[in-house]
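Taking this note's numbering, the leading residue of the sequence shown gets 673, the next gets one more, and so forth. Glycine residues also receive a C-beta, built at the ideal position from the N, C-alpha and C atoms. Since the structure is predicted, the reported quantities are computational estimates derived from the model, not experimental observations. Notes follow once the structure below has been shown.
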Amino acid sequence: MSLLSGVFASPWDIFRNLLDIFIVAYVIYRLLGLIQGTRAVQLLKGLMILLVFSVAASYMQLDMLNWLLEKLWIFFAIALPIVFQPELRRLLEQLGKGSFFKSSSTDVDPQDYQVIIKEITDAVGILSRNRVGALIVIARETGIEEYLESGITVDSLVSSGLLINTFVPNTPLHDGALVIRDGRIYKAACVLPLSNDPQLPPQLGTRHRAGLGITEVSDALAIIVSEETGSVSLGRDRKLIRYLDAQSLRELLEKELINDDVKPTLWRRWSRG
673 MSLLSGVFAS
683 PWDIFRNLLD
693 IFIVAYVIYR
703 LLGLIQGTRA
713 VQLLKGLMIL
723 LVFSVAASYM
733 QLDMLNWLLE
743 KLWIFFAIAL
753 PIVFQPELRR
763 LLEQLGKGSF
773 FKSSSTDVDP
783 QDYQVIIKEI
793 TDAVGILSRN
803 RVGALIVIAR
813 ETGIEEYLES
823 GITVDSLVSS
833 GLLINTFVPN
843 TPLHDGALVI
853 RDGRIYKAAC
863 VLPLSNDPQL
873 PPQLGTRHRA
883 GLGITEVSDA
893 LAIIVSEETG
903 SVSLGRDRKL
913 IRYLDAQSLR
923 ELLEKELIND
933 DVKPTLWRRW
943 SRG
C-alpha cells in the first residue's frame with residue numbers, strides 16, 4: 673500500500689520530494705567541491721574507513737571494538753571542527769558573499785595554455801639572465817586557497833611583462849609567490865608553507881623551500897628562479913628539478929598542463945586527494 677500511495681501521490685508531493693532531493697544533492701556536491709584536493713579529503717577518507725569498521729563491528733557484535741570505536745567517535749566530534757577550521761571558515765565566507773551556490777569552471781583550453789607557457793618561459797628566461805629571484809605557482813586541481821589568503825589579488829591575464837615587473841626588487845609585490853589559477857594571474861606576494869625535507873641541499877633558501885612546500889600539500893607546479901645564481905627549478909610532486917633551461921622548462925610545463933589528461937576520472941580525482 674505504501675508503494676501504491678507513492679505512485680499515486682499528488683504532483684505537488686512528487687515535485688516537493690524531487691526538489692528536496694535536488695537541493696540536498698547540490699549542497700553535498702558544493703561541499704565536496706569546497707574540500708576537493710585539500711588535506712580535508714584525506715581526513716574524510718579516514719572517517720569513511722572508520723565508519724565502515726564501525727558498521728562491520730556492530731554487525732559482527734564485537735563488543736570491545738564497538739566500545740573503542742564509540743570513544744573514537746566522541747573524540748572526533750570534538751576534534752573535527754578544529755581540524756576542518758580552514759574549510760569551515762571558507763564555507764561561511766562563501767555563504768556570506770553569496771558565492772557558495774555559484775558554479776565555477778576551472779577548465780583551461782590547451783591553446784590558452786600554450787600562450788600561458790610561452791609567457792612564463794619568456795619571463796623566466798629574462799629573470800634568470802638578470803638574476804632576479806622569482807617564485808611562480810601554477811595551481812591545478814588541489815585547492816590551495818588557505819595558503820593564499822595573505823596574498824594580494826591581481827586577477828590579470830598572464831603576460832611576461834607583468835611577471836617580470838612583479839618580481840623587480842624593492843617593488844610592493846616582489847616578495848612572495850605569484851599564483852596562476854584558471855589561466856590567469858590570481859594573486860601575488862603569497863606566503864607559502866616551507867618544506868621540511870632534510871634531503872634538500874643546505875644552499876637552497878626560503879624561496880626554494882616554499883616552492884617545494886606547496887607541491888607537498890597540493891598538485892601545484894612551482895617555478896623557482898634563484899636570486900644568487902639565476903638557475904631555474906621546477907617543483908612538482910614533492911620533487912625539485914633543478915638547472916633547467918628555457919626549452920626544458922617549456923617541455924615540462926607542456927607535459928604537465930597540456931599532455932596530461934584534461935578530464936581526470938573520478939577514481940583519479942579520489943586517489944589524488
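Q.
Closer than 8 Å is the cut-off here; do at least three beta carbon pairs connect the region 825–834 with the region 781–801?
A. yes
Q.
Under 8 Å: do the region 815–822 and the region 861–869 share three or more Cβ pairs, one atom per stretch?
A. yes
Q: State buried or exposed for residue 724, treating a residue as buried only when at least 16 other CB atoms are found within 10 Å of its CB.
A: Reading the sequence shown from its first residue, position 52 is the one you call residue 724. Label assigned to residue 724: exposed.
Q) So what's residue 819 in DSSP terms, helix, strand or just coil? A) For the purposes of this step, residue 819 is identified with residue 147 of the sequence shown, where counting begins at 1. Helix at residue 819.
Q | residue 745 versus residue 803 - alpha carbon distance | A | Counting from one through the sequence shown, the residue named residue 745 turns up at place 73. Counting from one through the sequence shown, the residue named residue 803 turns up at place 131. Cα-Cα distance, rounded: 54 Å.
Q | Contacting residues, own chain, Cβ-Cβ under 7 Å from residue 777 (five flanking each side not counted) | A | For this step, residue 777 is matched to residue 105 along the sequence shown. At residue 777, the pLDDT of 45 sits below 50, so the modelled position is not reliable; the number obtained from the coordinates is stated separately. Around residue 777: no qualifying Cβ.
**Q.** Of the residues 701, 796 and 687, the one placed nearest residue 850, counting alpha carbons only
**A.** Here residue 850 is taken as the residue at index 178 of the sequence shown, counted from 1. Ranking the options by Cα distance to residue 850, first place goes to 796.
Q: Compare the beta carbon distance of residue 925 and residue 907 with 8 Å and say whether it is the shorter of the two.
A: For the purposes of this step, residue 925 is taken as residue 253 along the sequence shown, with counting starting at 1. For the purposes of this step, residue 907 is taken as residue 235 along the sequence shown, with counting starting at 1. Taking 8 Å as the Cβ cut-off, residue 925 and residue 907 do not qualify as a contacting pair.
Q | Own chain, CB closer than 6 Å to residue 884, minus 5 neighbours either side, in chain order | A | Numbered from its first residue, the sequence shown carries residue 884 at position 212. Result list for residue 884: 867, 907 and 912, in chain order.
(Q) Spatial neighbours of residue 922 within its chain, please: C-beta separation below 7 Å, excluding the five flanking residues on both sides. (A) Mapped onto the sequence shown, residue 922 falls at position 250. 789 and 793, listed in sequence order.
(Q) Among the candidates 682, 887, 784 and 846, whose CA atom is the shortest distance from the CA of residue 930? (A) As a first step, residue 930 is located in the sequence shown; it is residue number 258 there, counting from the start. Residue 784 is the option with its Cα nearest to residue 930.
(Q) I need the boundaries of the beta strand (DSSP E) containing residue 827, first residue and last residue. (A) Against the sequence shown, residue 827 aligns to sequence position 155. Segment 824–829, the beta strand (DSSP E) holding residue 827.
Q: With a floor of 4 residues, list each alpha helix (DSSP H) that falls wholly inside the region 808–896, ordered by position along the chain.
A: 832–838 and 878–888
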